[in-house]
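Going by the working numbering, the sequence shown opens with residue 1, and the numbers climb by one from there.
Here a beta-carbon is modelled for each residue, glycine too, at the ideal position from N, C-alpha and C.
Shown next, in structure tokens, is the structure this report addresses.
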Amino acid sequence: IQSFFNSSRSNQTLLSALNEDKVVLFLHLLGIDTNGHAHRPDSREYKENIKKVDEGVKEIALIIENFYGNDGKTAFILTSDHGMTDWGSHGAGHPSETLTPLIVWGAGVNYPQKVTSQSFEDNFLKEWKLEDLKRLDVNQADIAPLMASLIGVPFPLNSVGTLPLEYLNNSAHFKAESMFTNAVQILEQFKVKMKQKKETTLSFLFTPFKPLSDSEQINFLKKARLYIQQQKYEEAVSLCKTLIDLALEGLSYYHTYNRLFLGLSIAMSFVGWTTYVILVIIKTHTNLTKTVWTNNKESTLLFYGFVFVGMIIAFFLLIQTCPWTYYIYCLLPVPVWYAVVRELPVIQDLATNLLSLRISHSVIFLLVCTVGIEILVFSFFFRSTLTVGLLVFAGWPVITQLWVKAKTATLIWTILCVLLAIFPLMPVVGREPNIPLVLATGLLTVLISCFSLAYLCKSDNKYRNNEDLKVYFYQILSITLSTYVVSSTHDSLKNKQGLPILNQIISWMTLGKNIFPPRIL
């Protein structure tokens, strides 16, 4: 930075550019991010880098102030694009990854405000000993209009940020006018998005965003302008913020306008595929089905029927000029459900078997299926519900009296289900790695797999297949190598030795082995 400013003394073009109004100097201090990923935030290297960057920021601020003769016309904004976990990652929704600092000072910036008390979920104010200064949290998108306001340029065209007025040291009239401009700028985006969506949607299917109709937009703008003319600046700011909130809500509405339609298409694909898999399993692994569909004429009509449905969907998407991804989402259910309908005899035989049961048995069967599906759904939100399902599986042989026929197999089944039921209660991937837990899990899996493989090799089971034994062996070997790689890589990175070449080779070979079946290898 010092060299950059020094070079302007012998470069008239650069000197003239630096002395123009509304100049933005953007500095990306990448070192902290690189060190955080490479050495993790608790490392000595990371802390030393923070100290170096902190001193560098102070020095850069002095260089800039001195270059402009301490004229008091420079504003400074220091922020970050993201945070980081204690083990050097980001991309999830933890506060350590999403909360970033925002420090603003200089020309046009308000002074810190003293407060007696304030409440936040985190402890940053206490850690930094800033409890007596008012903390003003904003969204990252709000920084763009703040920068634009400080240097006096129009708000960025596609900015969805709201100008944080409390950061500005300016008149009430300026703030009101700025908020009015901010509202108009975001409202224009809303109008453009609405127009685009209206042009690409059939008129009888288009549903506008009702809270912000054309008449409402005009009323908001007229009323806000009237408040400003009457010097009712607080009322004008409040009204503009309401308009901005509605416009952003409308933008979100049009951005997600096709969400239900696409969601239903994707859900139909998943449900169809699940149904098809269940029907294939029933057909190939049970004796519940006997009927075979041999009517080629009906099969041909069915094929052309689904082709016709696909053509209608494609035409519907074409006249609405939908993106090519929509064709994938919306046409995928067609072949999937064609495959399901082709298994109609299996569905009929299954229905016949269910109807032949007593009503109480049928009700219990459907109830068990419903509870099982609900457990799977709830597991996405509460992992512990999987434990409930696995415990039910553990007791299944006892409930169905299967333990009478195979006591040893039932005992092994119950023990393994109970052990597996512990897994959903274990901690998820968090801010700190738990290497001992990973190693213990890998070792336990290998031991159980070895005992199972030995039992299969000694047994005279007529269903035993040598190819299956090869697959089991490859899986055991893969788990063993993967466990070693995790342990070795963690130790190597901890000792600042980088990623070992052997680990890279094993990882790529493991990936290749899982792509290709054992017969090919």
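List the endpoints of the continuous alpha helix (DSSP H) containing residue i.
i: Thr408; result: 407–422
i: Thr486; result: Contrary to the premise, residue 486 reads as Val rather than Thr in this sequence. That run of the alpha helix (DSSP H) goes 466–494.
i: Asn6; result: 2–7
i: Trp273; result: 259–285
i: Cys322; result: No alpha helix (DSSP H) contains Cys322, which DSSP labels as neither H nor E.
i: Glu65; result: 44–67
i: Thr98; result: 95–98
i: Pro436; result: 435–458
i: Phe378; result: 359–379
i: Asp245; result: 233–255
i: Ala148; result: 143–151
i: Phe190; result: 172–199
i: Glu216; result: 214–229
i: Ser203; result: It is not in any alpha helix (DSSP H) - Ser203 carries neither H nor E in the DSSP assignment.
i: Glu127; result: 124–127
i: Phe393; result: 384–399
Among the options, whose alpha-carbon lies nearest the alpha-carbon of residue i?
i: Ser478; options: Asp491, Cys450, Lys494, Ser459; result: Cys450
i: Pro427; options: Leu150, Thr284, Ser384; result: Ser384
i: Ser8; options: Gln118, Ile64, His255, Ile228; result: Ile64
i: Thr181; options: Val192, Ala236, Pro211; result: Ala236
i: Asn158; options: Val371, Ser203, Ala247; result: Ala247
i: Asn219; options: Leu493, Ser16, Val184, Ile476; result: Val184
i: Tyr254; options: Lys198, Leu279, His285; result: Lys198
i: Asp349; options: Leu288, His490, Ile32; result: Leu288
i: Gly452; options: Gly395, Arg259, Ile412; result: In the sequence as presented, Gly is not what sits at residue 452; that position holds Ser. Residue Ile412 is the option with its Cα nearest to Ser452.
i: Val153; options: Asp468, Leu318, Leu202, Asp21; result: Asp21
i: Gln196; options: Thr321, Ser482, Asn66, Phe316; result: Thr321
i: Phe67; options: Leu14, Ser80, Val398, Asn110; result: Leu14
i: Lys297; options: Ile278, Leu260, Arg342; result: Arg342
i: Lys496; options: His37, Gly31, Val192, Leu262; result: His37
i: Ile278; options: Leu344, Cys330, Phe26, Lys47; result: Leu344
i: Lys522; options: Gln2, Trp87, Asn35, Ser10; result: What the structure shows of the chain is the stretch from 1 to 521, and residue 522 is not part of that stretch, so it cannot be assessed.
i: Ser202; options: Ile50, Ser178, Ile228, Asn258; result: For the sequence presented, residue 202 should be read as Leu rather than Ser. Of the listed residues, the one whose Cα sits closest to Leu202 is Asn258.
i: Leu25; options: Lys126, Ile32, Ala17; result: Ala17
i: Thr74; options: Ser178, Thr284, Val23; result: Val23
i: Val160; options: Glu127, Val53, Ser117, Ile143; result: Ile143
i: Thr370; options: Phe381, Gly389, Gly88; result: Gly389
What span of residues does the beta strand (DSSP E) with residue i cover, start to end?
i: Trp105; result: 102–106
i: Ala75; result: 75–79
To which residues of the same chain is residue i closer than 8 Å at the C-beta, ignoring the five residues directly before and after it?
i: Leu98; result: In the sequence as displayed, the identity of residue 98 is Thr instead of Leu. Correct list, in chain order: His82, Gly83.
i: Phe365; result: Leu354, Leu357
i: Leu425; result: Arg383, Ser384, Thr387
i: Met311; result: none
i: Gly56; result: Leu29
i: Thr480; result: Gly442, Val446
i: Ile448; result: Leu416
i: Met194; result: Pro208, Phe209, Gly250, Tyr254
i: Pro95; result: Gly83, Glu121, Asp122
i: Leu78; result: Val57, Pro101, Leu102, Ile103, Val104
What is the C-beta distance between residue i and residue j, in whole angstroms, given that I count them as a contact (C-beta under 8 Å)?
i: Leu163; j: Leu187; result: Between Leu187 and Leu163 the Cβ distance is about 14 Å, and since that is not below 8 Å, they are no contact.
i: Leu239; j: Phe190; result: The pair is not a contact, with the Cβ atoms about 16 Å apart (cut-off 8 Å).
i: Ala421; j: Leu391; result: 5 Å
i: Val346; j: Ile282; result: 6 Å
i: Thr483; j: Leu439; result: 6 Å
i: Tyr326; j: Leu317; result: 5 Å
i: Tyr111; j: Asn169; result: 7 Å
i: Pro500; j: Ser492; result: 5 Å
i: Ala314; j: Leu302; result: Between Leu302 and Ala314 the Cβ distance is about 19 Å, and since that is not below 8 Å, they are no contact.
i: Ser265; j: Pro323; result: Going by Cβ atoms, the distance from Ser265 to Pro323 rounds to 14 Å, so no, they are not a contact pair.
i: Leu262; j: Tyr329; result: 5 Å
Within its chain, find whatever has a CB closer than 7 Å to the CB of residue i; leave out the 5 residues flanking it on each side and keep chain order.
i: His90; result: His82, Gly83, Met84, Glu97
i: Val336; result: Ser269, Gly272, Trp273, Tyr276
i: Ala148; result: Pro154, Phe155, Pro156
i: Gly72; result: Ala107
i: Ser10; result: none
i: Gly31; result: Asn49, Val53
Should residue i be counted as a contact of the ligand ZN given a C-beta to heavy atom distance under 6 Å?
i: Ser379; result: No copy of the ligand ZN occurs in the structure displayed, which carries no ligand at all.
With a CB to CB cut of under 6 Å and the five nearest residues on each side skipped, what residues in its chain are close to residue i?
i: Asn35; result: Glu45, Tyr46, Asn49
i: Leu133; result: Pro112
Meets three-Cβ-pair contact criterion under 8 Å: the region 212–225 and the region 240–250: yes
The region 35–48 / the region 171–181 touching (three or more Cβ pairs under 8 Å): no
Meets three-Cβ-pair contact criterion under 8 Å: the region 101–120 and the region 130–144: yes
Inter-stretch contact (C-beta, 8 Å, three-pair minimum) for the region 366–380 and the region 302–310: no
Given 8 Å, three or more beta-carbon pairs between the region 433–441 and the region 402–413: no
The region 205–212 / the region 249–266 touching (three or more Cβ pairs under 8 Å): yes
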